[in-house]
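Residue numbers (full-length UniProt numbering), protein chains in the order written: chain A, 1 to 401; chain B, 1 to 401; chain C, 1 to 401; chain D, 1 to 401.
Ideal placement from N, C-alpha and C gives every residue a C-beta, glycine not left out.
Reviewing the structure listed below.
4 protein chains.
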Amino acid sequence: MTRHQGRHFLHIPGPSPVPERVLRAMDMPVIDHRSAEFAELGKAVLSGSQRIFKTSSPVVIYPSSGTGAWEAAIVNTLSPGDKVLMVETGHFATLWRQMAARWGIEVDFIPGDWRRGVDPSVIEEKLTADTAHQLKAVMVVHNETSTGATSRIAEVRAAMDRAKHPALLMVDTISGLASADFRFDEWKVDVAVSCSQKGFMLPPGLGFNAVSDKARAVAKTNKMPRSFWDWEDMLKLNANGFFPYTPATNLLYGLREAIAMLLEEGLDQVFARHQRLAAATRAAVEHWGLEVLCQESKDYSPVLTAVLMPPGHNADEFRQVVLDNFNMSLGSGLSKVAGKVFRIGHLGECNELTLMAALSGVEMGMRVAGVPHRGGGVDAAMALLEQPLPGNAPRHLAVVK
Amino acid sequence: MTRHQGRHFLHIPGPSPVPERVLRAMDMPVIDHRSAEFAELGKAVLSGSQRIFKTSSPVVIYPSSGTGAWEAAIVNTLSPGDKVLMVETGHFATLWRQMAARWGIEVDFIPGDWRRGVDPSVIEEKLTADTAHQLKAVMVVHNETSTGATSRIAEVRAAMDRAKHPALLMVDTISGLASADFRFDEWKVDVAVSCSQKGFMLPPGLGFNAVSDKARAVAKTNKMPRSFWDWEDMLKLNANGFFPYTPATNLLYGLREAIAMLLEEGLDQVFARHQRLAAATRAAVEHWGLEVLCQESKDYSPVLTAVLMPPGHNADEFRQVVLDNFNMSLGSGLSKVAGKVFRIGHLGECNELTLMAALSGVEMGMRVAGVPHRGGGVDAAMALLEQPLPGNAPRHLAVVK
Amino acid sequence: MTRHQGRHFLHIPGPSPVPERVLRAMDMPVIDHRSAEFAELGKAVLSGSQRIFKTSSPVVIYPSSGTGAWEAAIVNTLSPGDKVLMVETGHFATLWRQMAARWGIEVDFIPGDWRRGVDPSVIEEKLTADTAHQLKAVMVVHNETSTGATSRIAEVRAAMDRAKHPALLMVDTISGLASADFRFDEWKVDVAVSCSQKGFMLPPGLGFNAVSDKARAVAKTNKMPRSFWDWEDMLKLNANGFFPYTPATNLLYGLREAIAMLLEEGLDQVFARHQRLAAATRAAVEHWGLEVLCQESKDYSPVLTAVLMPPGHNADEFRQVVLDNFNMSLGSGLSKVAGKVFRIGHLGECNELTLMAALSGVEMGMRVAGVPHRGGGVDAAMALLEQPLPGNAPRHLAVVK
Amino acid sequence: MTRHQGRHFLHIPGPSPVPERVLRAMDMPVIDHRSAEFAELGKAVLSGSQRIFKTSSPVVIYPSSGTGAWEAAIVNTLSPGDKVLMVETGHFATLWRQMAARWGIEVDFIPGDWRRGVDPSVIEEKLTADTAHQLKAVMVVHNETSTGATSRIAEVRAAMDRAKHPALLMVDTISGLASADFRFDEWKVDVAVSCSQKGFMLPPGLGFNAVSDKARAVAKTNKMPRSFWDWEDMLKLNANGFFPYTPATNLLYGLREAIAMLLEEGLDQVFARHQRLAAATRAAVEHWGLEVLCQESKDYSPVLTAVLMPPGHNADEFRQVVLDNFNMSLGSGLSKVAGKVFRIGHLGECNELTLMAALSGVEMGMRVAGVPHRGGGVDAAMALLEQPLPGNAPRHLAVVK
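Shown next, in the form of structure tokens:
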């Protein structure tokens, strides 16, 4: 068999597989970005995005990666020398911190072991201690794509409220949004950062900021040079469905379709599906005798599962075996955990059989690569996936005639 | 979970999944079918098809289904009242026989139990007995799509040779071609019938006849009215890359791409892949304690596996459970075996993980539907698929550091 | 400039350009043709086709070219030795006649000069003379694709009624349907033949028969061997949205989309658009001092315009100049008029500016090729196209401020 | 006729129409951006882009609009308080200047009347006067998309050389690149800014910076906060075909295809084609008696032509008439010339007949809208386009037989 015959299984935690409907929606002629037809598109994706973020506040859409949307959050709200509180949940939290530092922000970076989400009590403690309100923002990652640990944002907000601290709550929900529950308004988030290539099931190329009134007010007085990322420039034209510079029109076509698909399925169903697939993945991993990187069960990510390799085995060599033999891409360990973990993405356009393909590929790959494990992980996952979904109509049963 | 979220797994024995490359090749503007540009396309697909049939004889391509190509084989070679020899290998052999009867052909239909391929010795016996050479053709099915039994065409040809009988050898390789080894010239086949939506990995809409010199000579004198299906009309224009009436241009774009993909992989590799996937499927079925419909191991189909349901369980109800719960289409039992068998297609754009998804869906479906079986079939399939392919480079092994 | 840079202009009278929406609808995974999902598709295209034919009688859809649908009309209704009346309106009427002859039909072929549609009075005369009712069918072409002359089917029907003749009325509306008005029920047509690649704006690969009760009754007793084309086999399964053999699924996806587009625009608007574009084309041709092949103004085709070359100039050489220099395909003269005429298709996805591109290419091509003509034809066409459409809202006028 | 039936003609000066090949190349599954397969893509587009910029210096590709690439040029090279020289060639030069101001740059903005390109002698004068070498950069627009005037960059460079001034030469060739000749190395440009949706014939979503060694050296010491736009972060990973954050993978698929198309045609042929189409457009405009906005014939843009409306007529109302009646989008006048000019884009995937469609739409639109003009502009354009291309093989001539 040639190495890469047939369908490639993309099980990295983003970019996630793009549904045919979305790709085909993007495969259409570009239109005049100053036309009435475009304005309809613009309004549709701007208001549709609000439904996904669960907010009535505006959502800004950049022609950029999520990294760009990180930068937008910083430059619109902070000033050089500002202090912020961040938490080392993993590689991406660390990168965001580095970015903040490059913009002259002083970061109080709460250290972490990359194996759990944010501890709200530490946030509360830090904020309570900051009686001078020098901390301008709490910046946390909703779903750490590098570790598979989710932070409980509602509890972070509760901690901030208990501390009665006026800091902005800025949340990277780059890989969380549209896969894990996220509630911008209810959780009183001030800036949420996301992108197209995760739960939105789009190719990369769009960055998002949801922006609270409070954040927007701060943006009017902060002292950070900016132009491309400026919210007000965006919001002024967005009001009529337009953008201050040429938007990524065809990605917006795809966004319109992806939002329609998410709402057709229903966000609660989307979240339940991700939870179910994640649970099945962990059932397999645990059966294999491998360790899930995330140690806090209440922080398990519905989006991806990072798996620790047994000592003496290199995750990247294993990933290469899986790619060569089974035409599947798994996510690599990043930075501190490079070579030590691999990541299984189960987000976006993923269903039970797609996941079973992926888990079979991991189990066979371990056999081929000589990675010690206990067989039967795939069975353990099936045992979970053959259970009915709670609240769903009972499954059909073949009646004996 | 909504019933049909995410990717649909199409595991019927055709139409088979169409690769993205092929769909995208078809998604292009139609061109003038009388232009030089079209002639290049025409020549490419006509000569490319010869490579797939392994013949230097012409291949005729109709804008039709495989059923049309069956009809073309009959009306170009037989005359009303002619006698032919056919074998009841299954549903499709039976349908082809009915079609022949509608054209006034007298069919000696060797009965069969739908659980094996053609028995060459019976062919030999029948032909030897036909000293008057009244039988004008032996018409057999290479791969019975309804049963998953393949007939050994080379042995049928040997039997005909031993009988020194001049009958034409006409072979339906509708679901065999490009998945199971087929050698038009070497096996001295006179007419081979195929279509686009099986091993060619195309949408339905093209029918094929490969035509030997002997068949073509017969066609010049037989007495059957015809126009649309006439070979000579076709071949005259095919010589320059054209067609006597408007061809299905966009399907031909797809055919050009599909042939390229088959040749890139290599036909031998394509056949080995199908054999491997079929073996893994049977390993699962046997482990489950279910019966493969085909009882002759040398006739096992590399294309599909038909599975008998345990007594008292209805295959179509089971298929519905699988569709509803796991978004996978399995093939139904047809005619005599309706409700009694389901069919797992593993042809065309199918690789190890695609198959594992399918087998997982079957195993979980049995649990959901209450079909008695022994768990572990998926493991049995994995045990086979994790073995290296004979003759291939050794697999990568992760080295313990 | 490379010869074929940029968009190709396809102005042959079919295949016509396929809209992006239709191509993209076809560019989707094939589904199980025995599934409930398919049945919905099947029902949608079968009932949608009835709306386009303007009939409550069934429409049969073959995976074939229009030539196949011609054959279907013949083999379902006629018996060897039957007599029919046909009219030599052009190349395609002649081909249909040849096909009938190959099926053993005796054709009374009313000669024609290829420059007009059917003369209903001759039909009436012939039928009135046939007091023994030996003529089983009147078979005429609605829109002669080879000449650009349309026959007035309503008047043919009236002539048949006046003659009180029971012959079937069989109409080839291959290039007429969905471009020129056609009314199956109102005109009491018995069999209408069409295909996908003209007014339906699809790639080639589908053939259509609309079938009256009377034709269907005849089909139950006629004596012509058939299987693939048999109406009853089709209609039995069509009742539930299925087909007796694998249908051309992806073309049916496209058909569903194309029917939606036709009904969105409105059939009357579709016909008016074709009339308008045809009138503009003739205005250009007449201004150039060239002759439109069709000499009967009431028979002018809304679908295409065939143009006579000035004596001493070869149409195919001219077409080649246009293709080489302006990347446009024009239709060739066929058979009797080969080299003498070229044909401008203005059907399907064609609007004012598409047509202006085409007419500019013809006018410039004549200059490059040295074809004598009077300049200004493009202006003459614009003079017509800048007029408002009758019955439409008044055009916007820029107001002087 | 429904307003928007059939093909839309997009004749704004960007986004330009995207060729089918490019759209289809983008319509493919996203891949792992850290895989070897991606690295091949990355290297291909990075080195391919160098060929289009005509440079051996690196080209940086951002997932952004061209506006983002403007910002990248500024933040990588300048420091707050730096002085630069810019020229008011039109709306986009003005916007770039505003952006620079927002970054704390002091701009010496040479005023202009929006009707011509940069005057190199003024540049020379300014630089010569700047004996203290306070001006850190000369920032000019190669092709002003708002006016249709091109600046002669080679002459700007010569002026700088004559002044022996060390300022960086930064050029916005957003709408120039791949349509108008541009030579990064030969003209010793230091930073060139471009984007995907103009000459590259892609949807919007990619921004480009070509970066000279000199600019890169400056970037290592300048004092402007940045992270997303940082060249060095990019170049480090680009060396292996990767990117520091998730790139817009599917747009890169399209870029690979677009570069292939440009090189297949040949850059010189691409430029000649644009010149030819521009000349034909001006021939029409001049015949109509309208004024081309650009008054300097040596600055005429090959990319677009901006046309002044007759006094008392509003360009936007005229554009709406054209859109409503002829389904064509023309570019609006921006800022100072809003309502006074409309712009005809003739860039990217545009050929003779596409342009003739557009010019026909303008001429008919003027009639419908009551805009005074002299008829015959379309004829004037044809008179030019029917001329052979200099240096090309002679056109075919139909021979009188």
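Is the shortest distance between the beta-carbon of Met382 (chain A) and the beta-carbons of chain B less than 7 Å? Here residue 382 (chain A) corresponds to residue number 382 of the first sequence, with the count starting at 1. Output row for Met382 (chain A): interface = yes.
Examine chain D for any beta-carbon lying closer than 7 Å to the beta-carbon of Met356 (chain C), and answer yes or no. Translated into the one-based positions of the third sequence, residue 356 (chain C) becomes position 356. By the rule that beta-carbons nearer than 7 Å mark a contact, Met356 (chain C) touches chain D.
Anything in chain D within Cβ reach of Asn143 (chain C), meaning under 9 Å, just list it in chain order. Counting from one through the third sequence, the residue named residue 143 (chain C) turns up at place 143. Within 9 Å Cβ-Cβ: nothing; Asn143 (chain C) doesn't reach chain D, min ~20 Å.
Give, in chain order, every residue of the region 234 to 267 of chain C whose Cβ lies closer than 7 Å to some Cβ of chain B. Tyr245, Thr246, Pro247, Ala248, Thr249, Asn250, Leu251
Counting only the same chain and skipping the five closest in sequence on each side, list residues whose C-beta sits under 6 Å from that of Arg97 (chain D). Here residue 97 (chain D) corresponds to residue number 97 of the fourth sequence, with the count starting at 1. Correct list, in chain order: Met86, Val107, Phe109.
Chain B contacts from the region 13 to 38 of chain D (Cβ-Cβ distance under 7 Å): Glu20, Arg24, Asp27, Met28, Pro29
Enumerate in chain order the residues of its own chain whose CB-to-CB distance from Leu277 (chain B) is below 7 Å, with the five nearest sequence positions on each side excluded. Locating residue 277 (chain B) in the second sequence gives position 277, where the first residue counts as 1. His346, Cys350, Leu355, listed in sequence order.
Check Leu304 (chain D) in the structure and name its three-state DSSP category. If you number the fourth sequence from 1, residue 304 (chain D) lands on position 304. Secondary structure of Leu304 (chain D) (DSSP, three-state): strand.
Do you know whose CA, among A:Ser121, A:Ala279, A:Ile153, A:Asn209, lies nearest Ala69 (chain A)'s CA? For the purposes of this step, residue 69 (chain A) is taken as residue 69 along the first sequence, with counting starting at 1. Cα-wise, what sits closest to Ala69 (chain A) is A:Asn209.
Using C-beta distances below 8 Å, list every residue in its chain close to Leu78 (chain D), excluding the 5 sequence neighbours before and after it, in chain order. Looking up residue 78 (chain D) in the fourth sequence gives position 78. Val84, Ala100, Trp103, Ile105, Lys136, Ala137, Asn222, Met224, listed in sequence order.
Straight-line gap, Asp181 (chain B) to Trp288 (chain B) (C-alpha atoms, nearest Å): The sequence position of residue 181 (chain B) within the second sequence is 181, counting from 1. The sequence position of residue 288 (chain B) within the second sequence is 288, counting from 1. Their backbone Cα atoms lie some 29 Å apart in a straight line.
Count the other CB atoms, across all protein chains shown, that sit within 10 Å of the CB of Val400 (chain A); report buried if there are 16 or more and exposed otherwise. Your numbering for residue 400 (chain A) matches position 400 in the first sequence. Caution is warranted here: a pLDDT of 36 is assigned to Val400 (chain A), below 50, making its placement in the model unreliable, and the coordinate value is therefore given only provisionally. Val400 (chain A) should be labelled exposed.
Gly339 (chain B), enclosing beta strand (DSSP E) - first and last residue: Within the second sequence, numbered from 1, the residue matching residue 339 (chain B) stands at position 339. Looking at the DSSP string, Gly339 (chain B) is not in any beta strand (DSSP E), and its letter there is neither H nor E.
Assign residue 454 (chain A) to buried or exposed, taking buried as 16 or more other Cβ atoms, counted over all protein chains shown, within 10 Å of its Cβ. Any question about residue 454 (chain A) goes unanswered here, given that chain A covers just 1 to 401.
By DSSP, does Glu144 (chain D) sit in helix, in strand, or in coil? For the purposes of this step, residue 144 (chain D) is identified with residue 144 of the fourth sequence, where counting begins at 1. Three-state result, Glu144 (chain D): strand.
Using three-state DSSP, classify Met224 (chain A) as helix, strand or coil. One-based indexing of the first sequence puts residue 224 (chain A) at position 224. Coil.
Taking Gly339 (chain A) and Asp316 (chain A) to be in contact with their CB atoms under 8 Å, please state how far apart those CB atoms are, rounded to whole angstroms. The residue labelled residue 339 (chain A) in the question sits at position 339 within the first sequence. The residue labelled residue 316 (chain A) in the question sits at position 316 within the first sequence. Rounded, the Cβ-Cβ distance is 6 Å, consistent with contact.
Can you tell me whether Met309 (chain A) is helix, strand or coil according to DSSP? Locating residue 309 (chain A) in the first sequence gives position 309, where the first residue counts as 1. In the structure shown, Met309 (chain A) sits in coil (DSSP, three-state: anything other than H, G, I, E or B).
Partners in chain B for Glu71 (chain C), counting only beta-carbon separations shorter than 8 Å: Stepping through the third sequence from its first residue, residue 71 (chain C) is reached at position 71. Chain B residues near Glu71 (chain C): Ser227, Phe228.
Whole alpha helix (DSSP H) elements within the region 34 to 110 of chain D, 4-residue minimum: 36 to 53, 66 to 77, 91 to 102
Would you mind sorting Thr128 (chain D) into buried or exposed? The rule is 16 or more other CB atoms within 10 Å of its CB. In the fourth sequence, residue 128 (chain D) corresponds to position 128, counting from 1. Exposed is the call here.
Span separating the alpha-carbon of Asn240 (chain A) from that of Pro63 (chain B): Along the first sequence, one-based indexing puts residue 240 (chain A) at 240. Along the second sequence, one-based indexing puts residue 63 (chain B) at 63. So the alpha carbons of these two residues sit roughly 50 Å apart.
Assuming the contact rule is C-beta atoms closer than 8 Å, Gly90 (chain B) and Ala149 (chain B) should be a hit. Round their C-beta distance to whole Å, please. In the second sequence, the residue the question calls residue 90 (chain B) occupies position 90. In the second sequence, the residue the question calls residue 149 (chain B) occupies position 149. Gly90 (chain B) to Ala149 (chain B), Cβ: 7 Å. Contact.
Determine, using beta carbons only, whether Ser47 (chain B) comes closer than 7 Å to chain A. Walking along the second sequence from the start, residue 47 (chain B) turns up at place 47. False, the Cβ-Cβ gap to chain A never drops below 7 Å.
Is there a Cβ of chain A sitting closer than 7 Å to that of Met86 (chain D), yes or no? The residue you call residue 86 (chain D) lines up with position 86 of the fourth sequence. By this cut-off, Met86 (chain D) is not an interface position.
Measuring only between beta-carbons, confirm whether Ser121 (chain A) sits less than 7 Å from chain D. In the first sequence, residue 121 (chain A) corresponds to position 121, counting from 1. So, not an interface residue.
Distance, Cα to Cα, Phe243 (chain D) vs Glu20 (chain A)? Residue mapping note: residue 243 (chain D) aligns to position 243 of the fourth sequence, counting from 1. Residue mapping note: residue 20 (chain A) aligns to position 20 of the first sequence, counting from 1. Cα to Cα, Phe243 (chain D) sits roughly 26 Å from Glu20 (chain A).
Chain-ordered chain B contacts of Ser332 (chain A) [CB-CB under 9 Å]: Numbered from 1 along the first sequence, position 332 holds the residue referred to as residue 332 (chain A). In chain order: nothing, as chain B lies at least about 14 Å away.
Exposure label - His133 (chain D); buried when at least 16 CB within 10 Å: By one-based count along the fourth sequence, residue 133 (chain D) stands at place 133. With fewer than 16 Cβ atoms within 10 Å of its Cβ, His133 (chain D) is classed as exposed.
Is the region 6 to 20 of chain C touching the region 190 to 199 of chain C in the sense that three or more CB pairs, one from each, lie closer than 8 Å? yes
Alpha carbon of Pro394 (chain C) to alpha carbon of Gly370 (chain D), nearest angstrom: As a first step, residue 394 (chain C) is located in the third sequence; it is residue number 394 there, counting from the start. As a first step, residue 370 (chain D) is located in the fourth sequence; it is residue number 370 there, counting from the start. Interpretation of Pro394 (chain C) is limited by its pLDDT of 45, a score under 50 that renders its predicted location unreliable; no figure is taken from the coordinates.
Would you kindly work out how many angstroms separate the C-alpha atoms of Val218 (chain C) and Ala380 (chain C), rounded to a whole number? Working through the third sequence from its first residue, we reach residue 218 (chain C) at position 218. Working through the third sequence from its first residue, we reach residue 380 (chain C) at position 380. Val218 (chain C) and Ala380 (chain C): Cα-Cα distance of roughly 51 Å.
In the structure shown, what three-state DSSP assignment does Gly117 (chain D) receive? Here residue 117 (chain D) is taken as the residue at index 117 of the fourth sequence, counted from 1. Reduced to three states, the DSSP call for Gly117 (chain D) is coil.
Is it the case that the Cβ atoms of Ser360 (chain C) and Met382 (chain D) are separated by a distance below 7 Å? For this step, residue 360 (chain C) is matched to residue 360 along the third sequence. For this step, residue 382 (chain D) is matched to residue 382 along the fourth sequence. Yes.
Quick check on the DSSP output: what are the complete beta strand (DSSP E) runs of length 3 or more inside the region 166 to 229 of chain D, in order along the chain? 168 to 172, 191 to 195, 207 to 211
Under 8 Å from the C-beta of Glu363 (chain D): neighbouring residues of chain C: Residue numbering aside, residue 363 (chain D) sits at position 363 when the fourth sequence is read from its first letter. Chain C residues near Glu363 (chain D): Met382.
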